[in-house]
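K.L.:
One structure, as structure tokens, below. Some questions next.
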Amino acid sequence: MEVAQNIENGTSNHSNHNSSHKHKHKHKHKSDKKSSHHSKHKKRDKDRDRHRESSSKSNGDSGSPRKSEAVAAAVEVAAEVKIERRSLSPVKKMEVDDSEDDRPLSSRIQVKKNYDSDSEDDKPLIHRKPPPPTTSQKRKSNHSSDDSDSDSKPLRKKSKKQVKKPTSQSPSPKKKKPKKEEEEVWKWWEEEPRDDGVKWNFLEHKGPVFAAKYEKLPKSVHFKYDGKVVKLSEDAEEVAGFYSRFIEHEYTTKEKFNENFFKDWRRTMTADEKKTITDLRKCDFREINEYFKLKSEERKSMSKEEKLCQKEENERIAEEFGICVLDGHKEKIGNFRIEPPGLFRGRGDHPKMGMLKKRIFPEDVIINCSKDAVVPKPPESHRWKEVRHDNTVTWLACWIENVQGQTKYVMLNPTSRLKGEKDWLKYEKARELAKHIHKIRENYKNDFKSKEMRVRQRAVALYFIDKLALRAGNEKDEDQADTVGCCSLRVEHIELFDEKDGQESVVTFDFLGKDSIRYFNQVTVEKRVFKNLKLFMESKKPGDDLFDRLNTQILNKHLNDLLSGLTAKVFRTYNASHTLQEQLDELTPVNGSVNEKVLAYNRANRAVAVLCNHQRAVPKSHEKSMENLVTKIQQKKDDVKKVKKELKGLSRGSKDHEKKSAQLRRTEEQLKKLEMTKTDKDEGKEIALGTSKLNYLDPRISIAWCKKHDVPIEKVYNKTLRAKFRWAIDMADKKYRFD
DNA sequence: CCTGACGACTCAGAAATTTTCGA
DNA sequence: ATCGAAAATTTCTGAGTCGTCAG
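Our numbering numbers the first residue of the first sequence as 131 and each following residue consecutively.
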């Protein structure tokens, strides 16, 4: 298949990135400037009434009910916990009452739990390594070992602490070694942190893998225009092929998609083709589509040997191109394959959907590696756009994509030091926030009363970010989908109710967030917040900014003043991790079975996903698999009955009796498990757990929980996750607290 | 100080692929 | 043990956040 770096010679046609307007027209028209510069496209005006159409996903449909059930269920489980944030239909109070509310979440948790009695502090030394450097402070210091490091130049470092091989004579009863096929693990977390700014001293790799070159369609596969077969030039045919893959997809029902595609397609046509093909509706791509389907069928039904052969070939490529050497260690690369050409698929209502994403050639690619490394060889008769040696960045290669004009990077895999260290740092920052959250909350609550409007807006925005885990909300271009975050909320996105569903001061949110995922929520807010919101909305039009004196820079500047390194997103991380810990404390059945514990874990995880509004389309198979489960459960119930009956017939104490009762226990256990699965599944059908697990939950919380409750880590983290969080697995003991 | 351009990195859900499940 | 379906995992690449620099 993809012949690694095989590119046809034509350097010709990849030249221009036609449309890449680099200049963004940011504009957030604050009410006061509104009239002034209208030259730039005003998105708000134009988009104002548009929001709310559904985007591909579920988000569209009517209203609250959508995810309410699952959410309600999850929340219910959470009992009277404070996480009610996302509850929908019945208004849940965000704050139980002032007094309660004023206590930082962290302290609330203390009250209910007494685990914390486990004062830690007796962690093995190794576990208390200094946290990674905080953005800008060196922390050379203690620690002996070979430490020539620092500025010692590139040159493959003389293996610093090289991999501690778990030679496992394991005299120490300590934790089990992860052994397995794990080839040497670089325990970077046991090393001294590096100097700030410098990301590596030595970097060598083979360059990215390019997309396989285009293969022409067989003669027998026809494209038809207006019923007649039209032979397309190679370029036009390739692009027609891209579209043909979509013809059964919802995308092709969207006008914008078709319009953008057709425009770009025509650009690839010869003059003759342009003349003939003038109406997309008269184009018939069905044969091409069939052809591709056939091809993929063929691939699926290949013989075992062929598949194996292919697999090996892939592995060979991954081995050669998927790995780099960084400071003396082999590290996996995340995306070493360059994105193949195709049609741009935006999310939601993207103005550029359907545009042609061009093929990338080596001449488009900048390579980054160290000066003393072997520079990767470009594919035959090609050359790189540039080779540079910048060790203040982490990417190995980059190119500019033509649709949006953004730079795309080749970077390392999450298991790498570069990514892992950063991740660790992120959670440490969130824990730091945990220590100051009380003060910060006090601070913004005071600001509710400020005389300065911008301070009040800042405070209310921060309140939302903290309580609802909203994203910061940068301004966006009008050539992107119209989505918002906290700072970019518009008046039309919220509604105020002095009284609703028996609650006072209710705010409903309804907007499209990142990836055009709908955020719908109804919450009770503090009186002062409510009043402020009313004030902010006064005499504004629906399309005006709610926080017209605020943007993310201002907000983050303020946060940075409160706590160095603090930004809006840290709140999301903090609240997510904090919620997980709190929920685990709350929900874990200490004497339950492993299955029950895992269910509790998933519920805790789900509470976080709900908080962060991580959604997914309900799997199409959901309905059916629920039915299957119901059937199975019924069967199992019958089984239990049967076994019980049989048991009765046996004399107590007899061997048979013992056996039977063991069987009964087994069967009951199975039934229980099935029922749990069912609940779990139904509650989670439209909630995506993955994102929070991967990006928001301090892995040490989960690991500590596993260790404490004797749950195998595999129940919670699959192989990939375990690899990504190896640092945490190594570091956290059962007493770890995020707080 | 603010504003825009832009660079680099994190985080997102869908789709593709692989593995597991369960008649 | 087998085979198709379902579940789990992996890949893919788009969409955010946030910092910096120049004017």
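No residue lacks a Cβ here, since even glycine has one placed at the ideal position from N, Cα and C. A quick note: this is a predicted structure, and the numbers were derived from the prediction, not measured.
Indicate whether the contact test is met: 3 or more Cβ pairs, each with one atom in the region 473 to 484 and one in the region 380 to 398, closer than 8 angstroms.
P.N.:
In short, these stretches touch, since the Cβ pair count reaches three.
K.L.:
For arginine 518, list the residues DSSP reports as bridge partners.
P.N.:
Per DSSP, Asn498.
K.L.:
Do three or more CB pairs link the region 719 to 729 to the region 620 to 630 at distances below 8 angstroms?
P.N.:
No: the two stretches stay apart, fewer than three of their Cβ pairs being nearer than 8 angstroms.
K.L.:
Excluding the five sequence neighbours on either side, which residues of its own chain have a C-beta within less than 6 angstroms of the C-beta of lysine 552, listed in chain order?
P.N.:
Closer than 6 angstroms at the Cβ level, and outside the excluded window around lysine 552, lies no residue.
K.L.:
For aspartate 394, report the span of its beta strand (DSSP E) as first-last.
P.N.:
Premise fails: aspartate 394 lies in the alpha helix (DSSP H), 385 to 397, not in any beta strand (DSSP E).
K.L.:
At the level of alpha carbons, what is the spacing between glutamate 428 and phenylalanine 650?
P.N.:
Distance between the alpha carbons of glutamate 428 and phenylalanine 650 is about 44 angstroms.
K.L.:
Where lysine 808 and arginine 830 are concerned, what is the direct C-alpha to C-alpha distance, given to the nearest angstrom?
P.N.:
Straight-line Cα distance between these residues: approximately 28 angstroms.
K.L.:
Alanine 737 and threonine 709 look like a contact to me (Cβ under 8 angstroms); what is the Cβ gap, rounded to whole Å?
P.N.:
Going by Cβ atoms, the distance from alanine 737 to threonine 709 rounds to 6 angstroms, so yes, they are a contact pair.
K.L.:
If you draw a straight line from the alpha carbon of lysine 775 to that of lysine 425, how long is it in whole angstroms?
P.N.:
Answer to the nearest angstrom: the Cα atoms are 56 angstroms apart.
K.L.:
Cβ of alanine 734 within 7 angstroms of Cβ of leucine 714?
P.N.:
Yes. Within cutoff.
K.L.:
Taking 7 angstroms as the cut-off, decide whether the C-beta atoms of asparagine 681 and cysteine 742 are in contact.
P.N.:
No; because the gap between Cβ atoms is not below 7 angstroms, this pair is not in contact.
K.L.:
Buried or exposed for proline 842, please, with buried defined as at least 16 other CB atoms from any protein chain shown within 10 angstroms of its CB.
P.N.:
Result: exposed.
K.L.:
What are the boundary residues of the alpha helix (DSSP H) that includes valine 728?
P.N.:
Here the alpha helix (DSSP H) through valine 728 covers 724 to 741.
K.L.:
Give the DSSP bridge partners of lysine 358, in chain order.
P.N.:
According to DSSP, lysine 358 bridges with Tyr355.
K.L.:
Within this structure, are the beta carbons of aspartate 356 and lysine 412 separated by less than 7 angstroms?
P.N.:
Yes, the Cβ-Cβ distance between aspartate 356 and lysine 412 is below 7 angstroms.
K.L.:
Quick one, which of Ile463, Arg397 and Arg547 has its alpha-carbon nearest glutamate 322's?
P.N.:
Ranking the options by Cα distance to glutamate 322, first place goes to Arg547.
K.L.:
For phenylalanine 415, tell me which candidate among Asp769, Glu367 and Ser791 has the shortest Cα-Cα distance.
P.N.:
The residue with the shortest Cα to Cα distance from phenylalanine 415 is Glu367.
K.L.:
Alanine 876 lies in the alpha helix (DSSP H); which residues open and close that run?
P.N.:
Outside the shown range of the chain, which is 131 to 869, sits residue 876, and nothing can be said about it.
K.L.:
Between threonine 400 and serine 363, how many whole angstroms is the CB-CB distance? I'm expecting something under 8 angstroms.
P.N.:
Contact flag correct, Cβ pair sits at about 5 angstroms.
K.L.:
Express the C-alpha separation of isoleucine 497 and asparagine 521 in angstroms, rounding to a whole number.
P.N.:
For asparagine 521 and isoleucine 497, the distance between alpha carbons rounds to 12 angstroms.
K.L.:
Rounded to the nearest angstrom, what separates tryptophan 554 and lysine 854 at their Cα positions?
P.N.:
Cα to Cα, tryptophan 554 sits roughly 11 angstroms from lysine 854.
K.L.:
Between Pro749, Asp769, Lys556 and Val455, which has its C-alpha nearest glutamate 813's C-alpha?
P.N.:
Checking every option, the nearest Cα to that of glutamate 813 belongs to Pro749.
K.L.:
Report the rounded CA-to-CA distance for histidine 512 versus methionine 541, giving the unit in angstroms.
P.N.:
Their Cα atoms are separated by approximately 22 angstroms.
K.L.:
For aspartate 326 versus tyrosine 557, is the C-beta distance shorter than 7 angstroms?
P.N.:
Cβ atoms of aspartate 326 and tyrosine 557: not closer than 7 angstroms.
K.L.:
State the DSSP-derived secondary structure class of serine 280, mapped to helix, strand or coil.
P.N.:
Residue placement at serine 280 is flagged as unreliable, the pLDDT there being 34, under the threshold of 50; the coordinate-derived value follows with that caveat. DSSP places serine 280 in coil when its eight states are reduced to three.
K.L.:
Thinking C-beta only, is valine 517 closer than 7 angstroms to valine 504?
P.N.:
No, these two residues do not count as a Cβ contact at 7 angstroms.
K.L.:
If the criterion is Cβ atoms closer than 7 angstroms, does the pair alanine 591 and phenylalanine 666 meet it?
P.N.:
No, they are not a contact pair.
K.L.:
Closer than 6 angstroms by C-beta to alanine 834: which residues in its own chain qualify, once you throw out the five before and the five after it? Chain order, please.
P.N.:
Contacts found: Ala862, Lys864 and Tyr866.
K.L.:
Between which two residues does the alpha helix (DSSP H) holding threonine 761 run?
P.N.:
Run containing threonine 761: 752 to 778, per the alpha helix (DSSP H) assignment.
K.L.:
Nearest-angstrom Cα distance between glutamine 536 and proline 544?
P.N.:
Computed Cα separation, rounded: 22 angstroms.
K.L.:
Does the distance from the CB of lysine 762 to the CB of leucine 696 come in under 7 angstroms?
P.N.:
No, they are not a contact pair.
K.L.:
List the whole-angstrom C-beta distance separating leucine 473 from tyrosine 593, where the pair is believed to meet the contact cut-off of C-beta under 8 angstroms.
P.N.:
At roughly 42 angstroms, the Cβ-Cβ gap does not stay under 8 angstroms, so leucine 473 and tyrosine 593 are not in contact.
K.L.:
If you draw a straight line from the C-alpha of alanine 858 to the C-alpha of glutamine 711, how long is it?
P.N.:
Those two C-alpha atoms are separated by around 15 angstroms.
K.L.:
When every heavy atom of the ligand FMN is checked, does at least one fall within less than 6 angstroms of the C-beta of lysine 404?
P.N.:
Among the components modelled here there is no ligand, and therefore nothing to report on the ligand FMN.
K.L.:
Taking the Cβ atom as the reference point for each residue, do threonine 797 and valine 760 lie within a distance shorter than 7 angstroms?
P.N.:
No. Outside cutoff.
K.L.:
Once DSSP output is grouped into helix, strand and coil, what is the label at aspartate 232?
P.N.:
The predicted model places aspartate 232 with a pLDDT of 37, which falls under 50 and marks its position as unreliable, so this point remains unresolved.
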